[in-house]
Amino acid sequence: MTTDTGIQGIYFDNNATTMVAPEVVEAMLPYFTEQFGNPSSMHLFGNKVGLAIKKARQQVQTLLGAEHDSEIVFTSCGTESDSTAILSALKAQPDRKEIITTVVEHPAVLALCEHLEKEGYKVHYLKVDGKGRLDLEAYGKLLSDQVAIVSVMWANNESGTLFPVLEMAEMAKAAGVLFHTDAVQAVGKLPIDLKNSAIDMLSLSGHKLHAPKGVGVLYLRRNTRFRPLLRGGHQERGRRAGTENTAAIIALGKACEMAMEHMEHEQTVVRAMRDRLEQAIIEAVPYSFVTGDPSNRLPNTANIAFEYIEGEAILLLLNKLGIAASSGSACTSGSLEPSHVMRAMGIPYTAAHGTTRFSLSRYNTMEEVERVIAAVPPIVAQLRKLSPYWAENGPVEEPEKAFAPAYA
Numbered sequence: 001m002t003t004d005t006g007i008q009g010i011y012f013d014n015n016a017t018t019m020v021a022p023e024v025v026e027a028m029l030p031y032f033t034e035q036f037g038n039p040s041s042m043h044l045f046g047n048k049v050g051l052a053i054k055k056a057r058q059q060v061q062t063l064l065g066a067e068h069d070s071e072i073v074f075t076s077c078g079t080e081s082d083s084t085a086i087l088s089a090l091k092a093q094p095d096r097k098e099i100i101t102t103v104v105e106h107p108a109v110l111a112l113c114e115h116l117e118k119e120g121y122k123v124h125y126l127k128v129d130g131k132g133r134l135d136l137e138a139y140g141k142l143l144s145d146q147v148a149i150v151s152v153m154w155a156n157n158e159s160g161t162l163f164p165v166l167e168m169a170e171m172a173k174a175a176g177v178l179f180h181t182d183a184v185q186a187v188g189k190l191p192i193d194l195k196n197s198a199i200d201m202l203s204l205s206g207h208k209l210h211a212p213k214g215v216g217v218l219y220l221r222r223n224t225r226f227r228p229l230l231r232g233g234h235q236e237r238g239r240r241a242g243t244e245n246t247a248a249i250i251a252l253g254k255a256c257e258m259a260m261e262h263m264e265h266e267q268t269v270v271r272a273m274r275d276r277l278e279q280a281i282i283e284a285v286p287y288s289f290v291t292g293d294p295s296n297r298l299p300n301t302a303n304i305a306f307e308y309i310e311g312e313a314i315l316l317l318l319n320k321l322g323i324a325a326s327s328g329s330a331c332t333s334g335s336l337e338p339s340h341v342m343r344a345m346g347i348p349y350t351a352a353h354g355t356t357r358f359s360l361s362r363y364n365t366m367e368e369v370e371r372v373i374a375a376v377p378p379i380v381a382q383l384r385k386l387s388p389y390w391a392e393n394g395p396v397e398e399p400e401k402a403f404a405p406a407y408a
């Protein structure tokens, strides 16, 4: 990609969204003009589209390792899938008023849980340690016949830390509790075998694995008690009403097929690029470190904390060089706040504001990695010269006190 200034751009923000693969675009285009029928129609136009959707459903089934294609429910996005799973569990079990989740979930889950708390439900939030890991003993103590559902992400979108969802699902099953995982960041990057797991429901989003935005999936294990979020037509076996987004569904199917083909590449080549990026930057930039669990992370994600500077400033200067990354911080009500994930992990005040996430894909190259490695150290050095918390050769004394008010 070439920027407006003529710079050849580097996209290292693939946990936010991915480029739609050219093969995926090619697969979906005919369903805008040639194969435009409604799959619910009985005539030839509709029948052809219905068969194509069935193929896409099977492609998703294969990537997820599901037992049957009927367990695949197409939705509009990961957020819809998350909401459907959690609200269905509550409606199907009206006598159960508790939910278990984590403090580092995506807002798609956290915002819903906060809303449900206002409606009288009790939500248990599992804490994480400094590497973003969960305490399974604490989790086990919360499981009871009052819990309607456990919802825990497979992989954290900021740190890349993986959660032991397979073990947690088994524990939930033993306690008679439904288990849902938001696997938006994991699908396509990690091998998944749902038929040999105790996971009841799983969410994924197409635009995180080189399909277009506007399409997602809720995996629903057969015989799981379920109540639909959207009611109306008979689409998706009555589990999700609304005319199917045919072109996007076909695209998602193709993207899942390609993800299977490139899984080893993700685990080897993409991981090697990520590791090279991290190691070189950490060696070149003092007072920097990698967040998350270094031994149990997504292969594409590097979240690096640069102490004594602001993440947004790093992103602005990277952007001027045509490099796209993202920050663990967000501007809220005009004041800078570290992300809820960094706060939950207890990242020091001096570093939580300066976290920068680089997330790669199979379309990135080692040449791009080397360009980013060359760009980051001088940017950090430039910003530290402007920082009131940085002296000529290192940090000023007790800079944490200056950061504390904004972090509290």
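Per full-length UniProt numbering, the very first residue in the sequence shown carries number 1; after that it's consecutive.
C-beta atoms are modelled at their ideal positions from N, C-alpha and C, and glycine is treated no differently.
Go ahead and pull the three-state DSSP assignment for residue i.
| i | result |
| --- | --- |
| residue 11 | strand |
| residue 203 | strand |
| residue 330 | At residue 330, the pLDDT of 40 sits below 50, so the modelled position is not reliable; the number obtained from the coordinates is stated separately. Residue state, collapsed to three classes: strand. |
| residue 337 | strand |
| residue 254 | helix |
| residue 420 | Lying outside 1 to 408, the shown extent of the chain, residue 420 is not represented and no answer is given. |
| residue 347 | coil |
| residue 375 | helix |
| residue 309 | coil |
| residue 289 | strand |
| residue 49 | helix |
| residue 20 | coil |
| residue 122 | strand |
| residue 32 | helix |
| residue 238 | helix |
| residue 277 | helix |
| residue 43 | coil |
| residue 262 | coil |
| residue 246 | helix |
| residue 384 | helix |
| residue 271 | helix |
| residue 229 | coil |
Do the CB positions of residue i and residue j come within less than 9 angstroms of each other?
| i | j | result |
| --- | --- | --- |
| residue 103 | residue 128 | yes |
| residue 24 | residue 148 | no |
| residue 380 | residue 309 | yes |
| residue 90 | residue 121 | yes |
| residue 298 | residue 160 | yes |
| residue 290 | residue 303 | yes |
| residue 213 | residue 77 | yes |
| residue 247 | residue 28 | yes |
| residue 194 | residue 67 | yes |
| residue 355 | residue 347 | yes |
| residue 311 | residue 132 | no |
| residue 280 | residue 373 | yes |
| residue 115 | residue 82 | no |
| residue 10 | residue 371 | yes |
Residues in the same chain with beta-carbon distance under 8 angstroms from residue i, minus the five sequence neighbours each way, listed in chain order, please.
| i | result |
| --- | --- |
| residue 228 | 84, 88, 238, 239, 240, 241 |
| residue 101 | 109, 110, 113, 123, 124, 125, 126, 150, 151, 152 |
| residue 167 | 136 |
| residue 48 | 35, 37 |
| residue 138 | 126, 127 |
In chain order, what residues of the same chain lie with their CB nearer than 7 angstroms to the CB of residue i, ignoring the 5 residues before and after it?
| i | result |
| --- | --- |
| residue 181 | 152, 153, 154, 165, 199, 202 |
| residue 263 | 191 |
| residue 333 | For residue 333, the predicted model reports a pLDDT of 29, less than 50, meaning its position is unreliable; a value from the coordinates is still stated below. The answer is none, since no qualifying residue turns up. |
| residue 330 | In this prediction, residue 330 has a pLDDT of 40, which is less than 50 and means its spatial position is unreliable; nothing more can be read from the coordinates. |
| residue 318 | 325, 375, 379 |
| residue 13 | 324, 325, 326, 359 |
| residue 362 | 262, 265, 266, 270 |
| residue 230 | 240, 241, 242 |
| residue 50 | 39 |
| residue 189 | 266, 298, 299, 300 |
| residue 15 | 157, 185, 301, 357, 359 |
| residue 21 | 210, 255, 258 |
| residue 296 | 161, 162 |
Below 6 angstroms CB to CB, which residues in the same chain sit around residue i once its five sequence neighbours on both sides are set aside?
| i | result |
| --- | --- |
| residue 173 | 198 |
| residue 17 | 207 |
| residue 186 | 154, 155 |
| residue 390 | 308, 384 |
| residue 178 | 89, 149, 200 |
| residue 79 | 108 |
Determine which residues share a DSSP beta bridge with residue i and list them.
| i | result |
| --- | --- |
| residue 323 | 10 |
| residue 303 | 357 |
| residue 395 | 390 |
| residue 128 | 134 |
Segments of 3+ residues assigned as beta strand (DSSP E) that fall wholly inside the region 176 to 226: Runs of the beta strand (DSSP E) inside the region 176 to 226: 178 to 182, 201 to 205, 216 to 220.
Inside the region 55 to 118 only - alpha helix (DSSP H) runs reaching at least 4 residues: Runs of the alpha helix (DSSP H) inside the region 55 to 118: 78 to 92, 107 to 118.
Every unbroken beta strand (DSSP E) within the region 135 to 175, with a cutoff of 3 residues, ordered by chain: 147 to 151, all fully within the region 135 to 175.
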